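One structure is given here, and the rest of the page talks about it.
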């Protein structure tokens, strides 16, 4: 053995390796051939383990969360001497505290540590192994007469971000065999394999690694195998292997198999005689198992869901995913309920050059709890562009009966509503014009809604809207809004107006004057409506039209001042704004109360309603008005971050005449001279706490018409807290068709000790002294597994009497092995709906694993 003329001390914490002059020594032998062998060895090492970084518990088509660049490649020179599991790039939570915060991964308080790899090579240079030069270091080398090159003594060979380490590397130039012996480490960015020895044959392009351990950093995957070898460049075999996402000193769960075969070409892996162990206890055995190893969608069974409640009994759901093509997939989901029968759901998703969408159907042939009647749901949702400037959308939902959503949950993208939307349309847009043509109908699920209150169908509706500036920088703008629509009543035997044509034209002009301290916008709009009616009664005119105008003046002022708040030495600089607003509106009276309302209703009164030009929605009513609205907004802006820390607004309308236009012909004239005071406020107390509230106060009778307030808390460790109150006096709020509401709502996810959290919600009706929903549960969440147990009680309306409610109860269990999968996914939907911010919490924690 000869010592190399130059030697650099390779320290694990170094940010990069040092290129030495070993290449000059090799040139005395066969420089081009030997370097070619090294290049081939590096290229042959099949780093297909990186493909296992796909999380098996991700839903089909969803990519696993990714970290910001730099989190897995850091300068770890500030960390002390290697810990017991440093060979696997493992750093405990306490060690991570010594790494600069910008490069330190977030652990959420549940992870014991993280896998972090050192930087390989010079980040400023070429990192792609195909283009990067080879750099090598070793203590000794020798050449034998049989053409064998031996490198020994802490050998490191690197090409870009790919690296080999071993005590001894022997390369036979004749047989093209390479052997690595002792402390073998094979690394590329994001993946590490460690073993006792490895053999590479360049003729057969085979690799063999014995007594191996492996780590996939980003996905927190680690495992071991008695033997790893490849069948070809795409297939890797693991013998007597294991897999987990738990910390190196923990095997809370472990996936073991006699043989695992990973096919990078197909994206599939198979396992023979596989066992899932939890706390070293075998809980599942699979004689043969097939699973995906990358983020390509694969056909196969997804994890089942279990549940139990007093409405459906015990239920089990088993989805089956079908990968039809890169842009098409489907999911079939049988669901068995002991009290109802077996339901089948089907979902088809597509993504084309013309848009994306979803088709869904659910069918229960004979519901044992519903007089043996069949139950079904159908939906189609589509959105996209099919040509330049042209768009299309579809939103269609239909169910077999009014009680479908109350009785049967669904995994399809359908929502329980009083009126299910059934619409389709196309649109064309330019910089100034927007044209839309659509048809729209509804399926009404509330059996107690009378025919007079059923929504009309629009078959079709055409709108043409636009605006553009007049002249260059004049401040004048022309506005055009128009609509033509044909209405049909959904009931053929309806004793009223069954069909109608309505044309509305609304041209307008406005002037915008803008300065940093003021904004003034006068506007004048001419509105013409024309009706052709078809009626079953003689009391309705067959033709009507009207023309009126509305004029408004909107003036806003902007003032600000600098503030310094806080104790001396801990003060902060803020900008406080004061924004008065004056709005005058005039619309002359036109008698409209007798006319049928096809798509018109009353807008809920709030702060923003002070500055609208019509107190009604739709085009069947244009409220007469001669009024002045005054409003005031103040904001507090953090000068350092620009964040709005506080905002409050309050205002009132002063009526200069009575309001005669009403929704119904018998509704009373409004003659009060002032509206209720309306206000709203939002306060970001700090980065975790914020408060929202709104208020409507009637000073005439000194009564609060409606109010709400909510307090929220969220931190990065998974804690959530929501406290809310809502009050509405239906006797004081005009045109309200609801009873008096007085409700409180408390929900939370609160850590009580490391990895343990309480989960709960209490929604209470203070008016009738009853609980709408009680939910309480416990969650244990570690970095590699999680379990939730929740008990839920809630009220649902009686199917036959809306004044009665029926209590429903259920117990739900969810168990998840992170990186492998879980059961009980229905509980996620319940918690997402019950606890505000729960879905965002789960996404935040997922991104930090």
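Residue numbers (the numbering used here): 8 to 856. Note that CB positions come from ideal geometry on N, CA and C, so glycine has one too. Values in this document were obtained by computation on a predicted structure and should not be read as measured data.
Problem - Cβ-based neighbour list, residue 428, same chain, cut-off 8 Å, excluding 5 preceding and 5 following - result: 402, 403, 404, 447, 449
Problem - Among 396, 284, 653, the one whose alpha carbon lies nearest that of residue 436 - result: 396
Problem - Cβ-heavy atom distance, residue 122 to the ligand GTP, below 6 Å - result: Of ligands this structure carries none, so the ligand GTP is not represented either.
Problem - chain C within 7 Å of residue 493, Cβ atoms only - result: Absence of chain C from the displayed structure is noted, only one protein chain being present.
Practice task
Would you kindly report the start and end of the unbroken beta strand (DSSP E) that includes residue 617?
Solution key: Here residue 617 belongs to no beta strand (DSSP E), and DSSP marks it neither H nor E.
Problem - Where the beta strand (DSSP E) containing residue 205 begins and where it ends - result: 198-208
Exercise for the section: Taking only runs that begin and end inside the stretch 539-569, name each unbroken beta strand (DSSP E) of 3 or more residues, in chain order. Expected result: 550-564
Problem - Integer-rounded CB distance, given that residue 269 should sit under 8 Å from residue 228 - result: Rounded, the Cβ-Cβ distance is 12 Å, inconsistent with contact.
Exercise for the section: Please classify residue 784: is it buried, with 16 or more other beta-carbons within 10 angstroms of its beta-carbon, or exposed? Expected result: buried
Practice task
Answer yes or no: do residue 730 and residue 756 have a C-beta to C-beta separation smaller than 7 Å?
Solution key: no
Problem - Residues sharing a beta bridge with residue 792, DSSP - result: 824
Practice task
Quick one: measure Cβ to Cβ for residue 218 and residue 233, integer angstroms, because I've assumed they're closer than 8 Å.
Solution key: 7 Å
Problem - Strand pairing of residue 758, partner residues [DSSP] - result: 764
Problem - Under 7 Å between C-beta atoms of residue 139 and residue 96 - result: no
Handout entry: Integer Cβ distance of residue 147 from residue 160, believed to fall under 8 Å
Key = 5 Å
Handout entry: Close Cβ partners of residue 733 (< 7 Å) along its chain, the five nearest in sequence each way excluded
Key = 715, 748, 750
Exercise for the section: Indicate the three-state DSSP secondary structure (helix, strand or coil) for residue 776 in the structure shown. Expected result: coil
Practice task
Give every residue of the same chain whose Cβ lies closer than 6 Å to the Cβ of residue 192, excluding the five residues on either side of it in the sequence, and list them in chain order.
Solution key: 172, 201
Handout entry: Assigned secondary structure, residue 599 (DSSP; H/G/I helix, E/B strand, else coil)
Key = coil
Problem - Range covered by the alpha helix (DSSP H) that runs through residue 411 - result: 411-414
Handout entry: Contact under 7 Å by Cβ, residue 698 with residue 686
Key = no
Exercise for the section: Please work out which residues of its chain come closer than 6 Å, Cβ to Cβ, to residue 317, disregarding the five sequence neighbours upstream and downstream, and give them in chain order. Expected result: 816
Practice task
Flag this pair as touching only if the stretch 601-610 and the stretch 571-580 have three or more C-beta atom pairs under 8 Å; answer yes or no.
Solution key: no
Problem - Distance between residue 210 and residue 324 (C-alpha atoms, nearest Å) - result: 51 Å
Practice task
Can you check DSSP and say which residues form a bridge with residue 468?
Solution key: 445, 492
Handout entry: Candidates 718, 684, 708: closest to residue 695 by CA position
Key = 718
Problem - Given 8 Å, three or more beta-carbon pairs between the stretch 294-313 and the stretch 271-284 - result: yes
Problem - Contact set for residue 634: own chain, Cβ-Cβ below 7 Å, skip 5 residues either direction - result: 592, 660, 661, 662, 663
Practice task
Name the one or two DSSP bridge partners that residue 452 has.
Solution key: Bridge partners of residue 452: none, in fact.
Practice task
Under the assumption that residue 770 contacts residue 780 (Cβ atoms under 8 Å), give the Cβ distance between them as a whole number of angstroms.
Solution key: 4 Å
Practice task
Within 10 angstroms of the Cβ of residue 843, are there 16 or more other Cβ atoms? Answer buried if so, exposed if not.
Solution key: buried
Handout entry: Cutoff 6 Å; reference residue 111; Cβ partners in own chain excluding five residues on either side
Key = 103
Exercise for the section: List in chain order: all unbroken alpha helix (DSSP H) runs of 4+ residues lying wholly within the stretch 678-757. Expected result: none
Handout entry: Three-state class that DSSP yields for residue 848 in the structure shown
Key = helix
Exercise for the section: With a threshold of 16 other CB atoms inside 10 Å of the CB of residue 292, please say whether the residue is buried or exposed. Expected result: exposed
Exercise for the section: List the endpoints of the continuous alpha helix (DSSP H) containing residue 835. Expected result: 833-841
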